[in-house]
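Undergrad:
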Amino acid sequence: MSGPMPDEIRDKLKPKAIELRRQGWTYREIAGSLDISISTCSLWLRDVTAPPRPGHEQERVAAMWKSRWEPTHIAREAGRQEVKLAACREAGELSERETLLAGALVYWCEGEKDKSYRRRERAPCLAPELLMLASSRVRIRA
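In my numbering, the protein residues as written are 1271 to 1412.
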């Protein structure tokens, strides 16, 4: 529409615009549907609050994030597993002394940092592998 809008048309369209806005339509959607300008929508609807649009819930955002990053995380974790297996094959069997030194090193480095989703340190007393290693090294004399 060009030029000023006739009163009878405005009086018919404004209530429709208000109703559409209350249903959650955007200014652009209302303007396109009623063939009016976005600035007219803004003028008519500035005091009308729109309900939150569906589809922007936390679950949807989380699903979008997961679909975007999950392939990257899976590929990264597969690479880590390959490196670990190669290191295990290369190291081979450890002697009792090497096992003791490895346990001391693990304790000294303060725990496990092998979380595929979050890299952080953990108290060494909570690492089950370290507890098993320590219990295998302790000899109780009767």
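Ideal placement from N, C-alpha and C gives every residue a C-beta, glycine not left out.
Go to A1316, then tell me how far its alpha helix (DSSP H) extends in each direction, as first and last residue.
TA: In the sequence shown, the residue the question calls residue 1316 occupies position 46. According to the sequence provided, residue 1316 is Arg. The question's Ala does not apply to it. Note, R1316: premise wrong, no alpha helix (DSSP H); not H, not E.
Undergrad: At the level of alpha carbons, what is the spacing between R1346 and A1357?
TA: Translated into positions along the sequence shown, residue 1346 becomes position 76. Translated into positions along the sequence shown, residue 1357 becomes position 87. Each residue's alpha carbon lies about 17 Å from the other.
Undergrad: What does the Cβ neighbour count give for L1290, buried or exposed, with the cut at 16 atoms within 10 Å?
TA: Here the question's residue 1290 lines up with position 20 in the sequence shown. Buried, by the Cβ-count rule.
Undergrad: Put A1412 into one of helix, strand or coil per three-state DSSP.
TA: Within the sequence shown, residue 1412 is the residue found at index 142, counting from 1. Low per-residue confidence applies at A1412: pLDDT is 47, beneath 50, and the placement is therefore not dependable, though the value from the model is reported in the following sentence. If DSSP states are grouped into helix, strand and coil, A1412 belongs with coil.
Undergrad: In chain order, what residues of the same chain lie with their CB nearer than 7 Å to the CB of C1311, ignoring the 5 residues before and after it?
TA: If you number the sequence shown from 1, residue 1311 lands on position 41. Same-chain partners within the cutoff: A1287, Y1297, I1300 and A1301.
Undergrad: So, at 7 Å on beta carbons, what are the nonlocal neighbours of K1284 in its own chain, with the 5 sequence-adjacent residues on each side left out?
TA: Residue 1284 sits at position 14 when you count from the first residue of the sequence shown. So the list reads W1314, once near-sequence residues are dropped.
Undergrad: Check for me: the alpha helix (DSSP H) holding I1344 runs from which residue to which?
TA: Here residue 1344 is taken as the residue at index 74 of the sequence shown, counted from 1. Looking at the DSSP string, the run of the alpha helix (DSSP H) that includes I1344 is Q1328 to A1361.
Undergrad: Can you list, in chain order, the residues of its chain whose CB lies under 8 Å from that of E1363, leaving out five sequence neighbours each side?
TA: By 1-based counting over the sequence shown, the position of residue 1363 is 93. Correct list: empty, nothing qualifies.
Undergrad: Given this structure, state the Cα-to-Cα distance separating E1340 from A1333, to the nearest angstrom.
TA: Stepping through the sequence shown from its first residue, residue 1340 is reached at position 70. Stepping through the sequence shown from its first residue, residue 1333 is reached at position 63. The straight-line gap from Cα to Cα measures roughly 10 Å.
Undergrad: Please classify L1364: does DSSP put it in a helix, a strand, or coil?
TA: For the purposes of this step, residue 1364 is taken as the residue at position 94 of the sequence shown. Here L1364 sits in coil by DSSP.
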